[in-house]
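Have a look at the structure below, then the notes.
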Amino acid sequence: MKNAVGREIPAEALAVELKNGRKYEPYQGKGYRDGKYIKKAGPTTKIYENPQESKILPSIRDAVIACGIKDGMTVSFHHHFRNGDYIVNMVMKEIVDLGIKDITIAASSLGDAHDPIAEYIEKGIVTGIQTSGIRGKMGDVVSHGKLKTPAILRSHGGRVRAIEEGDVHIDVAFIGAPTSDEYGNARALGGKGDCGVLSYAVPDSEYADKVVVITDTLVPYPNFPPSIHGVNVDYVVKVDEIGNPKKIASAAARMTQNPRDLMMAENTAKVIAACPWFKDGFSFQTGAGGPSLAVNRFLEPLMDAKGIKMAWAIGGITAAICELQRKGKVGKIIDVQDFDTGAIEDIRTNPNHFEMTASEYANPANKGAFVNKLDFVVLAALEVDTDFNVNVITGSDGVLRGAPGGHPDTAEGAKCCVIVTPLTRGRMATICEHVVTVTTPGDCVDVVVTDYGTAVNPRRKDIIEALDAAGIKHVPIKQLQEKAYSLVGKPDDLQFKDKVVAILEARDGTILDVVKEIKPFEF
Amino acid sequence: MSLPRPKPEKFRLRRTMMFMNAQKPGLIKDAYIYGADSIMLDLEDAVAENQKDSARFSLYHALKTIDYGDTEVIVRINGLDTPHWKEDIRVCVAGGCDGIRIAKTESAQDVITVDQAVTEAEKEFGVEVGRTLLMAALESPKGVLNAYEICKASPRLFGVALSGGDYRKCMQVKVIPGGIEMLFARGLMLNAARAAGIQCFDTVFTNLNDDEGFRAEVKQNVEMGFDGKSLINPKQIPIVHEMLAPSQKEIAEAEKIVRAYREHASEGVGVFTLDNGKMIDIAFVPGAERVIKLAKASGIYEGDL
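So the protein sequences, as listed, match chains H and G. The first sequence begins at 132 in the numbering used here and counts up one residue at a time. The second sequence begins at 47 in the numbering used here and counts up one residue at a time.
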């Protein structure tokens with residue numbers, strides 16, 4: 132069956148069973164579930180009526196046993212420690228050592244730090260993966276059909292919806308935390324490996340049957356104000372290290388000096404400034420990649436010229452936006468993740484820099500997340516096609532190596548979603564006829580800025596008019612794609628087998644696309 | 047692709063000439079995207095002595111395969127005191143670049159020598175004789191003093207440029223904010239170029255972190271009457287274009303002159319008075335047309351001339 136972005140969704144994918152019995156549908160277009168109702172699936176939690184001094188257990192192994200983890204269960208993790216994370220591998224090692232199998236990992240994201248999981252997948256111990264990001268060896272083995280069930284890939288907002296709706300049920304959540312007290316009140320500041328916020332772990336703490344906080348820094352009770360509330364936590368474990376602090380918080384991303392990136396960033400800022408929403412009190416989100424990050428720098432003089440300020444910025448936060456706030460040009464920063472030490476330092480001391488939950492950030496099924504009020508978002512892409520569909524998950528070889536993250540959430544929510552990407556990367560055309568995998572549907576993408584020109588989605592007549600009025604040149608996206616193919620050639624189609632190895636969920640829980648098992652290329 | 051390139055226009059708009067190493071495919075493959083009027087592919091100082099041949103090879107294939115569109119493609123060849131320049135010229139002509147920048151020009155004879163080699167190469171490769179344009183870079187006190195003779199030396203020569211690095215070394219001076227150390231060279235060269243009826247370009251500004259200094263220098267260039275400037279980084283391009291753009295008042299005045307001249311000319315009148323009392327004759331027209339052309343190139347012209 133073809134969905135609203137023209138992708139054939141095989142019956143095999145539509146038949147995948149969700150925990151609550153909900154049936155998968157193909158993607159129907161943006162706003163499909165707006166106004167409908169959701170029945171939230173509450174966890175089954177243990178009563179602690181009698182006073183207890185402490186929830187601390189001596190080891191992760193003890194926690195695994197105390198939580199009663201058994202074959203077929205689902206365990207969850209967050210990705211605030213990024214590539215410095217030790218938690219996933221430490222916990223999974225204990226589960227595997229205890230001989231437990233048929234485990235589903237439901238993480239907010241997984242990365243290169245989790246290569247050891249690939250082995251558990253190959254051995255058939257880990258049989259399900261639900262995540263935003265999948266990379267490295269794990270991406271490779273899943274793409275080669277080694278995972279027993281299709282991986283389910285969700286946006287950050289889509290994950291919260293899936294947890295709340297009960298599409299996925301978390302039996303045990305393992306939450307790494309920079310600090311915790313003996314009752315599990317956990318914070319992301321004050322420890323050895325601070326990550327700033329714990330936003331993505333909040334739904335896990337509220338919807339898992341059992342919750343374990345793992346920290347390397349125990350602090351006196353009460354550790355307030357907490358990101359993870361002790362009332363939701365069953366056990367606390369102290370380990371030597373939750374992660375590698377250097378990789379948890381990297382130094383501030385250096386502003387790119389690449390002239391190509393700078394030109395694209397400047398043109399993106401000009402597009403933003405030409406839109407009617409660029410007025411005093413506007414809201415903004417941008418990523419940490421080269422050209423996206425540099426947009427901050429080019430936006431500032433345009434704001435000054437118009438005498439306006441930004442009311443709030445959200446998203447993954449970098450030092451760049453904190454710097455802009457220190458200059459008095461941003462009202463509030465609402466933070467779901469910190470990308471560098473500058474952002475972490477800022478939230479430590481800045482009274483106008485706040486933590487929010489993943490649901491507040493991007494959940495499409497709550498009563499209105501931040502993304503719904505966002506004016507502008509600037510995003511990157513691996514590929515964009517002539518229907519404005521974006522791929523951020525499969526590489527040019529068809530193998531899983533990315534994460535939708537907040538991309539589809541902010542793209543749908545924002546009034547103006549700008550994708551900034553070079554026209555080609557090496558031999559690959561970034562602007563192409565058909566993306567390998569649709570991860571953000573074209574009906575949510577408004578403007579594409581490349582080094583060879585800007586294209587506006589023809590659905591957005593208002594933005595076209597605004598750019599025309601400002602004298603900003605734009606071309607049909609087809610023209611960019613043709614230019615790309617004239618430079619690097621038209622790529623042969625990738626070759627896949629029939630088996631579905633991953634399902635790309637739209638944020639509303641319909642199926643946007645599937646990824647199939649990769650077939651070695653035959654000439 | 048629309049290769050070979052069309053016959054170059056001798057007096058086109060050349061506000062910005064961006065240098066780049068001809069040896070770096072990543073740079074030259076699409077250097078036109080930054081919007082410079084001309085790009086300057088360098089075979090000279092940017093290329094190490096033992097890499098001259100590979101740079102020529104990469105240049106030739108770039109010229110043959112990349113569609114640079116409206117962007118003028120000029121090549122800086124090695125000096126006449128090196129063993130490379132003749133082969134450089136053959137590659138430029140065979141590849142079909144628009145123009146050649148002669149490094150370290152000291153005399154009219156240098157231009158004539160290059161002109162002759164270009165003619166030979168054009169014959170060798172079956173290119174229309176006279177197609178390839180030239181520009182001369184003055185890099186020494188001697189070159190500056192011979193500016194007028196140099197400017198008149200060849201019908202191929204569209205302009206003359208100053209190369210500050212070498213010139214300052216010869217003069218034993220440093221870069222001085224305000225440009226007092228270059229005042230004589232700039233002034234003499236401009237005067238020579240105008241006397242010979244060719245264009246004149248200023249030297250590069252190398253401190254990429256000094257935006258203010260760069261703007262001050264471009265402002266001075268505009269005030270002195272330069273047609274354009276050599277650049278070393280794409281981020282300098284929009285600044286020069288912005289600062290060279292005529293004001294709306296200048297555009298309106300130029301429009302008035304061009305329209306009035308056309309009307310009067312069709313009635314056989316050569317001299318007339320504008321409504322502001324200013325007397326206009328044919329001598330004003332090229333200047334006014336230049337303003338309109340600049341306004342169009344700057345993307346700020348909304349009229350229909």
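All residues carry an ideal CB built from backbone N, CA and C; glycine is no exception.
query                                                                                                              : result
Interface partners of G:N279 on chain H, CB under 8 Å                                                              : P390
9 Å Cβ cut-off: residues of chain G touching H:L393                                                                : P280 and K281
First and last residue of the uninterrupted alpha helix (DSSP H) at H:S617                                         : I608 to V619
Within-8 Å CB hit, G:G345 to chain H                                                                               : yes
Cutoff 6 Å; reference H:C406; Cβ partners in own chain excluding five residues on either side                      : C547 and A597
Stretch pair the region 128-145 of chain G + the region 103-113 of chain G: three plus CB contacts closer than 8 Å : yes
Buried or exposed by the 16-neighbour rule on C-beta atoms within 10 Å, applied to G:P280                          : buried
Any non-hydrogen atom of the ligand NAD within 7 Å of G:D257 CB                                                    : As for the ligand NAD, it is missing from this structure, which has no ligand bound.
Within-8 Å CB hit, G:Y80 to chain H                                                                                : yes
H:T235, DSSP secondary structure in three states                                                                   : strand
Interface positions of the region 411-429 of chain H facing chain G (Cβ-Cβ less than 8 Å), listed along the chain  : none
Closer than 8 Å to chain G by CB, H:L536                                                                           : Note that residue 536 of chain H is Gly in the sequence shown here, rather than Leu. It does not; no Cβ of chain G falls within 8 Å.
Reduced DSSP category for H:V205 - H, G, I as helix; E, B as strand; rest coil                                     : It is worth fixing the name first, because residue 205 of chain H is Thr in this sequence and not Val. Residue state, collapsed to three classes: strand.
Beta carbon proximity, G:F65 to chain H, threshold 8 Å                                                             : no
Beta-carbon proximity list for G:G333, same chain, < 7 Å, skipping 5 on both sides                                 : none
Within the region 143-217 of chain G, ranges of the beta strand (DSSP E) (whole runs, at least 3 residues)         : 145-148, 179-184 and 203-208
For G:F103, the three-state DSSP class (helix, strand or coil)                                                     : helix
Meets three-Cβ-pair contact criterion under 8 Å: the region 479-492 of chain H and the region 423-442 of chain H   : no
Under the three-state DSSP convention, the category G:S312 falls into                                              : helix
Cβ neighbours of G:E152 in the same chain (closer than 7 Å, five flanking residues each side left out)             : S186, K188, G189 and N192
Same chain, Cβ closer than 6 Å to H:P539, neighbours up to 5 away in sequence not counted                          : S286, T571 and R638
Rounded C-alpha distance that separates H:A339 from H:G327                                                         : 23 Å
Where H:K437 falls: helix, strand or coil (DSSP)                                                                   : helix
Separation of H:E564 from G:F57, as counted between CA atoms                                                       : 41 Å
Euclidean distance between Cα positions of H:A249 and H:A560                                                       : 30 Å
Neighbourhood of H:G462 by C-beta, 6 Å cutoff - its chain only, sequence neighbours within 5 removed               : A442 and W443
8 Å Cβ cutoff, H:Y331 in contact with chain G                                                                      : no
CA-to-CA distance, G:D127 to G:R60, given in whole angstroms                                                       : 28 Å
Which listed residue (H:P651, H:D347, H:N316 and H:Y179) has its alpha carbon closest to that of H:S190            : H:D347
Stretch pair the region 501-518 of chain H + the region 566-585 of chain H: three plus CB contacts closer than 8 Å : yes
Euclidean distance between Cα positions of H:K458 and G:D212                                                       : 43 Å
Neighbour list for H:D582 in chain A, Cβ cutoff strictly below 8 Å                                                 : Absent from the structure: chain A. Protein chains present are H and G.
Residues sharing a beta bridge with H:T387, DSSP                                                                   : None, per the DSSP bridge assignment.
Sequence-distant residues of the same chain with beta carbon closer than 7 Å to G:G81, five excluded per side      : I283
For H:P372, the nearest candidate out of H:V619, H:V219, H:Q159 and H:T552 (CA to CA)                              : According to the sequence displayed, residue 372 of chain H carries Glu and not Pro. That would be H:V219, whose Cα lies nearest to the Cα of H:E372.
Beta-carbon proximity list for H:P376, same chain, < 7 Å, skipping 5 on both sides                                 : G215, K323 and G324
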